[in-house]
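Okay, so here's the structure we're looking at.
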Amino acid sequence: MKFFLSKKIQVAKNDFGFTIVEILVVMAVLLILSFSGIFTYQAMEERMNIDTATESLISVIQLARSKTIASENAAAYGVYFESDKYVLFKGDAYDPAALDNVVHLLPAGVEIYDISLAGGPEALFKRLSGGTDNVGNVSLRLINHPTTTAQVNVLASGEVGLPGMMVLSESELTDSRHLHLDLGWSIQTASTMTFTFLNPSNPDFVQNIDMTNYFNVGQTEFSWSGTTLVGGKNQSLKVHTHVLDGGDTLLCVHRDRRLNNKAVNIEIDGKGIVSYVSAGTPTVGIFGGVMQVQ
Numbered sequence: 013m014k015f016f017l018s019k020k021i022q023v024a025k026n027d028f029g030f031t032i033v034e035i036l037v038v039m040a041v042l043l044i045l046s047f048s049g050i051f052t053y054q055a056m057e058e059r060m061n062i063d064t065a066t067e068s069l070i071s072v073i074q075l076a077r078s079k080t081i082a083s084e085n086a087a088a089y090g091v092y093f094e095s096d097k098y099v100l101f102k103g104d105a106y107d108p109a110a111l112d113n114v115v116h117l118l119p120a121g122v123e124i125y126d127i128s129l130a131g132g133p134e135a136l137f138k139r140l141s142g143g144t145d146n147v148g149n150v151s152l153r154l155i156n157h158p159t160t161t162a163q164v165n166v167l168a169s170g171e172v173g174l175p176g177m178m179v180l181s182e183s184e185l186t187d188s189r190h191l192h193l194d195l196g197w198s199i200q201t202a203s204t205m206t207f208t209f210l211n212p213s214n215p216d217f218v219q220n221i222d223m224t225n226y227f228n229v230g231q232t233e234f235s236w237s238g239t240t241l242v243g244g245k246n247q248s249l250k251v252h253t254h255v256l257d258g259g260d261t262l263l264c265v266h267r268d269r270r271l272n273n274k275a276v277n278i279e280i281d282g283k284g285i286v287s288y289v290s291a292g293t294p295t296v297g298i299f300g301g302v303m304q305v306q
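The numbers in the sequence shown follow this note's numbering, run straight up by one, and end at 306.
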């Protein structure tokens, strides 16, 4: 009798315990799905915030340039940048007390963390031409996710936009023999640099360079130069770095049109860096980052 009762109680415990486990598993799955949905929504919202902030910043810089070209109020206009805001101002210098300043606050969670403009934290445009001496870039990021960034570039022509989407002015297109490309990634582990020369009426000529032979010992510098015979004409180029570390590369490309007459595409480990038409006009590649004509 005693054995029978204990057996019955044990079975009841097992049945009851199995039901609790089922409930706990279902609850855990629901919680995981709920939190996953919340985090996904938050990530999307934050991404939208930085995208919106970047678009607004570009629009205000373009507005300052347009006002300057139009000589509105017979004045020049510019944009002054701070970590949490940017200000559209009138005149040859920013005055924080000016009544006609238009302040634009960044969305919550977004900040300007790097202002790399020649001359200081502002982009001031020239009347009539719309050009600027404040060449460089302004970088934004999410405060809680600092690896999520966006960059706005300002060219000497006054054109403004995102990396890889800049339209060079006629003067910048004319003299493209010396380019700087801020890649935004490191070439320290790269192995092959490829030049693909377009040779009309003949197959393209492909030259692969073993990059390992052109780094210094610490791989903080890379320098290659050479001359290649393509279609009976020598093509002379030089590629080297001004900055090279584990996270970024400032690449310098020299292509003098007096020494080159073939269009060429330059890649590193299959990643498009920059391409030139035969006349010398450059187009930044998908992996070429920010291009500036020197």
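We treat Cβ as the ideally placed atom computed from N, Cα and C, and that holds for glycine. From a predicted model like this one, the values you see are computed outputs, not experimental measurements.
Residue i - partner residues in DSSP beta bridges
i: D222; result: T204
i: Q247; result: T240
i: V255; result: L262
i: F234; result: F227
i: S128; result: N149
i: D194; result: L262, V302
i: E123; result: R153
i: G90; result: F101, L136
i: V114; result: L100
i: G173; result: N165
i: T159; result: Answer is none; T159 lacks a bridge partner.
i: T80; result: Paired residue(s): none; T80 is not in a bridge.
i: T144; result: F137
Rounded separation between residue i and residue j - CA only
i: I35; j: L154; result: 39 Å
i: S287; j: N228; result: 26 Å
i: L100; j: S213; result: 53 Å
i: S128; j: P215; result: 43 Å
i: L271; j: L263; result: 20 Å
i: I124; j: W236; result: 36 Å
i: N211; j: T239; result: 16 Å
i: G292; j: R269; result: 6 Å
i: N146; j: Y92; result: 11 Å
i: A86; j: Y106; result: 16 Å
i: L136; j: A109; result: 17 Å
i: I44; j: V37; result: 11 Å
i: T159; j: H190; result: 30 Å
i: H192; j: V41; result: 51 Å
i: G143; j: E171; result: 8 Å
i: S83; j: Y89; result: 9 Å
i: L75; j: N113; result: 13 Å
i: E279; j: L111; result: 51 Å
i: L140; j: V115; result: 25 Å
Residue i: first and last residue of the uninterrupted beta strand (DSSP E) it sits in
i: Y106; result: No beta strand (DSSP E) contains Y106, which DSSP labels as neither H nor E.
i: P294; result: 294 to 296
i: E134; result: 134 to 136
i: I280; result: 276 to 280
i: I285; result: 283 to 288
Outcome for residue i when other beta-carbon atoms lying within 10 angstroms are tallied against a minimum of 16
i: N220; result: exposed
i: K274; result: buried
i: G230; result: exposed
i: M39; result: exposed
i: P294; result: buried
i: I32; result: exposed
i: N246; result: exposed
i: N165; result: buried
i: G282; result: exposed
i: V305; result: buried
i: E67; result: exposed
Beta carbon proximity, residue i to chain D, threshold 8 Å
i: H192; result: As a matter of chain content, chain D is missing from the structure shown, which is built from one protein chain.
8 Å contact criterion, which residue i and residue j should meet: CB distance rounded
i: F207; j: V276; result: 6 Å
i: S198; j: D257; result: 7 Å
i: K138; j: T80; result: 7 Å
i: L118; j: D96; result: 6 Å
i: I62; j: V150; result: Contact flag wrong, Cβ pair sits at about 13 Å.
i: V251; j: M205; result: 7 Å
i: T232; j: S203; result: With a Cβ gap of about 17 Å, T232 and S203 do not count as contacting.
i: F209; j: V242; result: 4 Å
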